[in-house]
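A quick write-up on the structure given underneath.
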Amino acid sequence: QKEVEQNSGPLSVPEGAIASLNCTYSDRGSQSFFWYRQYSGKSPELIMSIYSNGDKEDGRFTAQLNKASQYVSLLIRDSQPSDSATYLCAVNGVTGNQFYFGTGTSLTVIP
Amino acid sequence: GAGVSQSPRYKVAKRGQDVALRCDPISGHVSLFWYQQALGQGPEFLTYFQNEAQLDKSGLPSDRFFAERPEGSVSTLKIQRTQQEDSAVYLCASSPQQRSSNQPQHFGDGTRLSIL
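Protein chains in written order, with my numbering: chain W, 16 to 126; chain V, 12 to 127.
What follows is the structure in C-alpha cells.
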C-alpha cells in the first residue's frame with residue numbers, strides 16, 4: 016500500500032463548476048498536509064496547506080482534513096480553464112522530514 | 012532570482028556515464044530535499060539536508076546515487092553508472108527552517124534526465 020493514494024483521473028468538469036479532489040493516507044502520525052498544482056513540464060507549486068481537522072478556505076480553494084478517516088480533500092469553486100493541471104497531495108512522514116506524494120489527479124476544466 | 016534554481020534543465024547521457032545535477036535553493040533556506048519524479052507519477056523522496064548535514068537518505072534507490080551540500084547552500088545529486096531506469100525528472104525543493112514537517116516546500120523546475 017502506498018503512503019498516499021489519489022484517484023489519478025482524469026477528472027473533467029465544466030467551467031464554473033466545483034472540482035473535488037480526494038486523497039487518503041496511511042500514516043496516522045502524519046501532521047501536515049499539502050496540495051500542490053503541477054502544470055505539464057513544470058514544477059509543483061503550493062496551493063494549500065492544512066494541519067488540523069476541518070476546513071480551510073483560501074479564495075476559490077478549500078482544503079478539508081479528517082484525521083480520523085485519514086482523508087484530505089481539495090475543492091475548487093468556480094473552476095477555470097487555467098485550473099487544468101495535475102493536483103498532488105503531499106503528506107509528511109513519520110520523521111517529519113520526509114514528504115510522501117500521491118500520483119496526482121489530472122483535472123481538465125472544459126470551457 | 013528568488014526561487015529554487017536547478018541546472019541543467021535537460022541532461023541526456025549514455026548508459027554507464029556519471030551525471031551531476033545541481034540545485035541552488037532559496038537563499039537562507041535551511042532544509043533541502045531531492046525528489047525523483049517518473050512520468051505520470053508523483054515525486055518520490057530521495058534525500059534531505061538540514062544545512063550541510065544529510066539527515067535522511069533513505070529514499071536513495073541504490074549506492075549509485077550520492078548527494079552532498081558541503082557549505083549548506085548549493086547541493087549536487089550525483090548518479091554513477093547511470094541506468095535506463097534512472098530516466099526521470101529530478102526535483103529539488105527547499106524550505107526555510109530546520110523543523111520542516113509543517114512547512115511547505117518550494118520546488119525548482121527540475122532536471123529532466125534521459126538515459127539512452
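Note that beta-carbon positions come from the ideal geometry of N, C-alpha and C, so glycine has one too.
All figures in this text were calculated on a predicted structure; none of them were measured in a lab.
Give the single residue among the options whose Cα lies nearest to the Cα of residue i.
i, options, result
"asparagine 22 (chain W)", "W:Asn37, W:Ser64, W:Ala32 and W:Val124", "W:Asn37"
"glutamine 157 (chain V)", "W:Gln79, W:Ser64 and W:Gly31", "Since the first residue of chain V shown is 12 and the last is 127, residue 157 (chain V) is not available in this structure."
"glycine 44 (chain W)", "W:Thr123, W:Asp70, W:Pro126 and W:Gln85", "W:Gln85"
"glycine 51 (chain V)", "W:Gly117, W:Phe48 and W:Thr123", "W:Gly117"
"valine 30 (chain V)", "V:Ala78, V:Cys103 and V:Thr58", "V:Ala78"
"leucine 89 (chain W)", "W:Leu122, W:Trp50 and W:Asn68", "W:Trp50"
"valine 15 (chain V)", "V:Val23, V:Ser125 and V:Trp45", "V:Trp45"
"valine 87 (chain W)", "W:Ser55, W:Ala32 and W:Gln46", "W:Gln46"
"arginine 75 (chain V)", "V:Pro107, V:Ile90, V:Ser18 and V:Pro54", "V:Ile90"
"serine 121 (chain W)", "W:Ser67, W:Glu20, W:Ser41 and W:Gln53", "W:Gln53"
"asparagine 112 (chain W)", "V:Gln65, V:Leu32 and V:Ser18", "V:Gln65"
"proline 36 (chain V)", "V:Gln114, V:Gly70, V:Asn62 and V:Leu124", "V:Asn62"
"glycine 108 (chain W)", "V:Gln28, V:Tyr21, V:Leu57 and V:Arg33", "V:Leu57"
"tyrosine 21 (chain V)", "V:Ser73, V:Leu32 and V:Ser84", "V:Leu32"
"glutamate 82 (chain V)", "V:Pro72, V:Gln95, V:Ser69 and V:Phe60", "V:Phe60"
"arginine 80 (chain V)", "V:Cys34, V:Ser73, V:Pro72 and V:Gln95", "V:Cys34"
What residue does the beta strand (DSSP E) around residue i start on, and which one ends it?
i, result
"isoleucine 90 (chain V)", "86-90"
"glutamine 47 (chain V)", "42-48"
"glutamate 55 (chain V)", "55-61"
"glutamate 3 (chain V)", "Absent from the model: residue 3 (chain V). The displayed extent of chain V is 12 to 127, so no value can be given."
"leucine 90 (chain W)", "86-91"
"aspartate 74 (chain V)", "Run containing aspartate 74 (chain V): none; DSSP gives neither H nor E here."
"aspartate 67 (chain V)", "64-67"
"glutamine 17 (chain V)", "16-18"
"leucine 103 (chain W)", "100-107"
"arginine 33 (chain V)", "30-35"
On the CB-based measure, 16 or more other CB atoms within 10 Å of its CB, does residue i come out buried or exposed?
i, result
"glycine 119 (chain W)", "buried"
"alanine 83 (chain W)", "exposed"
"aspartate 67 (chain V)", "buried"
"aspartate 97 (chain V)", "buried"
"tyrosine 102 (chain W)", "buried"
"isoleucine 33 (chain W)", "exposed"
"glutamine 108 (chain V)", "exposed"
"glycine 119 (chain V)", "buried"
"aspartate 98 (chain W)", "buried"
"proline 54 (chain V)", "buried"
"glutamine 17 (chain V)", "buried"
"isoleucine 56 (chain W)", "The residue asked about is misnamed: residue 56 (chain W) is glycine in this sequence, not isoleucine. So glycine 56 (chain W) ends up on the exposed side."
"serine 106 (chain V)", "buried"
"alanine 105 (chain W)", "buried"
"alanine 100 (chain W)", "buried"
"serine 86 (chain V)", "buried"
"glutamine 48 (chain V)", "buried"
"glutamine 79 (chain W)", "buried"
"glutamine 114 (chain V)", "buried"
Measure how close the beta-carbons of residue i and residue j come, nearest whole angstrom, since I'm counting them as under 8 Å.
i, j, result
"threonine 93 (chain V)", "arginine 26 (chain V)", "6 Å"
"aspartate 42 (chain W)", "glutamate 20 (chain W)", "With 8 Å as the limit, aspartate 42 (chain W) and glutamate 20 (chain W) do not qualify as a contact, their Cβ atoms being about 12 Å apart."
"leucine 130 (chain V)", "valine 23 (chain V)", "Since the first residue of chain V shown is 12 and the last is 127, residue 130 (chain V) is not available in this structure."
"leucine 124 (chain V)", "alanine 99 (chain V)", "6 Å"
"proline 29 (chain W)", "isoleucine 125 (chain W)", "5 Å"
"threonine 123 (chain W)", "serine 27 (chain W)", "5 Å"
Flag residue i as yes if its beta-carbon sits less than 7 Å from any beta-carbon of chain A, otherwise no.
i, result
"glutamine 113 (chain W)", "Among the protein chains in the structure shown, which are W and V, there is no chain A."
Stretch-stretch touch, CB-based, cutoff 8 Å, three pairs: the stretch 91-110 of chain W with the stretch 72-79 of chain W: yes
Report yes or no: do the stretch 33-45 of chain V and the stretch 52-65 of chain W share at least 3 C-beta pairs separated by less than 8 Å? no
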